[in-house]
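Reviewing the structure listed below.
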Amino acid sequence: MTELRGANTATGAAASLRARPAAASVIAACLNAQAESRPRSVLGRAFGASPLSEASRQPYLDALSELHVADELEKLGSDWVILHDVPVGERGRVIDHLAIGPAGVFALAVQHQQAAAVTVRGDALAINGVARPHLARSRDLATEAAVNLTRATGLNVPVRGLIVFVAPQSVSVRNEPDDVGITSDRGVHKWLADREQTLSPTQVAMIADAAADPATWRGAVSRRAPGFNADAFDALRVEVQRAWLARGFWGTVLIAAAAVAAFRVFGA
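Residue numbers (our numbering): 160 to 427.
See below:
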């Protein structure tokens, strides 16, 4: 599991982005939203009511998805440098994961789409049949990353977008765009590992050093988003898990009670 411990102390605009933890921005958004929610009642806790508010639920799921993909990217090994939550531009946007390795540079956008059907037909991407703008957004971030890295290194640094869908029902791709890749969380490691080599180890190291320097991302807010707290997020995960277990327990009790009642009625 991706380690958040120790991340609370890595502050300051001059800190290397290598120290920036995965999902920092969405964790901060989740905790900020959760701070505004009403606490559960005693009965709510006992019966497994979710501790998540309506506003914090989606960033919570997004954070878990980004942490999961970060774990998958660790499988690439030491030939790759992975930076997380890279701030880009002045609009508060981030690249969820920036992968730099023998196959080039990839700006990963993680999408939590549990049990959804994803279809890609050239430049048309749909989720459960509804057209979505993910390709355009991925291109925009990748282009901005390429401009910044090219300026910082003096090399021509193309950056390809890569959209990673987490827990989808299916991902069907026909005529994948040349500038944006599409894969699932289960396939992201293999997708990157199978690309042809385009960069030497020296070029990888040079680009990675530039990417880790906050000064490369001109105008970006490289300081961690206010509200990030690794311990608080870990505590929230424990609460969510306990609530899930409590609901499972009471569900089992209800099923057992219904079975006993049915036996008494029909078995008499």
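Ideal Cβ placement from N, Cα and C applies to all residues, glycine included.
ask   = Do the region 208-223 and the region 179-190 touch if we need at least three Cβ pairs shorter than 8 Å?
value = Contact holds: three or more Cβ-Cβ distances are below 8 Å.
task = With Q217 as the anchor, note down where its alpha helix (DSSP H) starts and where it stops.
result = Residue 217 sits at position 58 when you count from the first residue of the sequence shown. Its alpha helix (DSSP H) spans residues E213 to L232.
inquiry  = Applying the 10 Å Cβ sphere with the 16-neighbour rule, what's the burial state of I414?
reply    = As a position in the sequence shown, residue 414 is number 255, starting the count at 1. With fewer than 16 Cβ atoms within 10 Å of its Cβ, I414 is classed as exposed.
query = What are the residues that DSSP puts in a beta bridge with I322?
reply = The residue you call residue 322 lines up with position 163 of the sequence shown. Answer is A268 and I341.
request  = Report the three-state DSSP secondary structure of S184 (helix, strand or coil).
outcome  = Here the question's residue 184 lines up with position 25 in the sequence shown. It is helical.
inquiry  = Can you give me the C-alpha to C-alpha distance between Q328 and I322, rounded to a whole angstrom?
reply    = Residue numbering aside, residue 328 sits at position 169 when the sequence shown is read from its first letter. Residue numbering aside, residue 322 sits at position 163 when the sequence shown is read from its first letter. The alpha-carbon atoms of Q328 and I322 are separated by roughly 16 Å.
query = Taking all protein chains shown into account, do 16 or more other C-beta atoms lie within 10 angstroms of the C-beta of G260, making it buried, or fewer, making it exposed?
reply = Locating residue 260 in the sequence shown gives position 101, counting from the first residue. Classification of G260: buried, given that the 10 Å Cβ count is 16 or more.
message = Taking its Cβ as the centre, do 16 or more other Cβ atoms sit within 10 Å of T342, making it buried, or is it exposed?
response = Residue mapping note: residue 342 aligns to position 183 of the sequence shown, counting from 1. It is buried - the Cβ of T342 has at least 16 other Cβ atoms within 10 Å.
key: Range of the contiguous beta strand (DSSP E) that encloses R252   = Along the sequence shown, one-based indexing puts residue 252 at 93. First-last of the beta strand (DSSP E) with R252: R252 to G260.
query = Looking at C-alpha atoms only, which residue of R377, V347, Q400 and V399 is the closest neighbour of R250?
reply = The residue labelled residue 250 in the question sits at position 91 within the sequence shown. The shortest Cα separation from R250 among R377, V347, Q400 and V399 belongs to R377.
task = Over the uninterrupted alpha helix (DSSP H) stretch that includes P360, give me the two end residues.
result = The residue labelled residue 360 in the question sits at position 201 within the sequence shown. Here the alpha helix (DSSP H) through P360 covers P360 to A371.
request  = Could you give the DSSP three-state label for L300: helix, strand or coil?
outcome  = Locating residue 300 in the sequence shown gives position 141, where the first residue counts as 1. In the structure shown, L300 sits in a helix (DSSP, three-state: H, G or I).
Delimiting residues of the alpha helix (DSSP H) encompassing L351 = Position 192 of the sequence shown holds residue 351. Counting along the chain, the alpha helix (DSSP H) containing L351 begins and ends at V347 to A352.
Integer-rounded CB distance, given that L211 should sit under 8 Å from H271 = For the purposes of this step, residue 271 is identified with residue 112 of the sequence shown, where counting begins at 1. For the purposes of this step, residue 211 is identified with residue 52 of the sequence shown, where counting begins at 1. Wrong, their Cβ atoms sit about 14 Å apart, outside the cutoff.
request  = Would you mind reading off the limits of the beta strand (DSSP E) that contains A283?
outcome  = Position 124 of the sequence shown, counting from 1, holds the residue named residue 283. It spans A283 to I286 - the beta strand (DSSP E) in which A283 sits, taken as one unbroken run.
query = Which two residues bound the contiguous beta strand (DSSP E) that contains R333?
reply = For the purposes of this step, residue 333 is taken as residue 174 along the sequence shown, with counting starting at 1. Unbroken beta strand (DSSP E) run through R333: S329 to R333.
ask   = Roughly how many angstroms separate the alpha carbons of V269 and T411, rounded to a whole number?
value = Residue 269 sits at position 110 when you count from the first residue of the sequence shown. Residue 411 sits at position 252 when you count from the first residue of the sequence shown. In a straight line, the C-alpha of V269 is about 35 Å away from that of T411.
E303, buried or exposed, once every other Cβ within 10 Å from all chains shown has been counted against 16 = On the sequence shown, position 144 is the one that residue 303 refers to. Buried: at least 16 other Cβ atoms inside 10 Å.
query = Anyone know if the C-beta pair for L294 and R252 falls short of 9 Å?
reply = In the sequence shown, the residue the question calls residue 294 occupies position 135. In the sequence shown, the residue the question calls residue 252 occupies position 93. Result no, Cβ atoms of L294 and R252 do not sit closer than 9 Å.
query = What is the residue span of the alpha helix (DSSP H) that R204 lies within?
reply = The count along the sequence shown starts at 1 and reaches residue 204 at position 45. Looking at the DSSP string, the run of the alpha helix (DSSP H) that includes R204 is V201 to A205.
inquiry  = Measuring only the C-alpha atoms, how far is A290 from D353?
reply    = By 1-based counting over the sequence shown, the position of residue 290 is 131. By 1-based counting over the sequence shown, the position of residue 353 is 194. Going by the C-alpha atoms only, they are around 29 Å apart.
query = Can you name the residues that DSSP bridges to P246?
reply = To locate residue 246, count along the sequence shown from 1; it is residue 87. Answer by DSSP bridge pairing, in chain order: V253.
key: Other residues of its chain near S209: CB distance less than 6 Å, five sequence neighbours each side excluded   = As a first step, residue 209 is located in the sequence shown; it is residue number 50 there, counting from the start. Closer than 6 Å at Cβ, skipping near neighbours: A402.
query = Which residues in the same chain as F387 place their Cβ atom closer than 7 Å to its Cβ, once the five residues preceding and following it in sequence are excluded?
reply = Against the sequence shown, residue 387 aligns to sequence position 228. Cβ neighbours of F387 beyond the five flanking positions: A183, I186 and A187.
message = How far does the beta strand (DSSP E) with T375 in it extend, from its first residue to its last?
response = By one-based count along the sequence shown, residue 375 stands at place 216. Looking at the DSSP string, T375 is not in any beta strand (DSSP E), and its letter there is neither H nor E.
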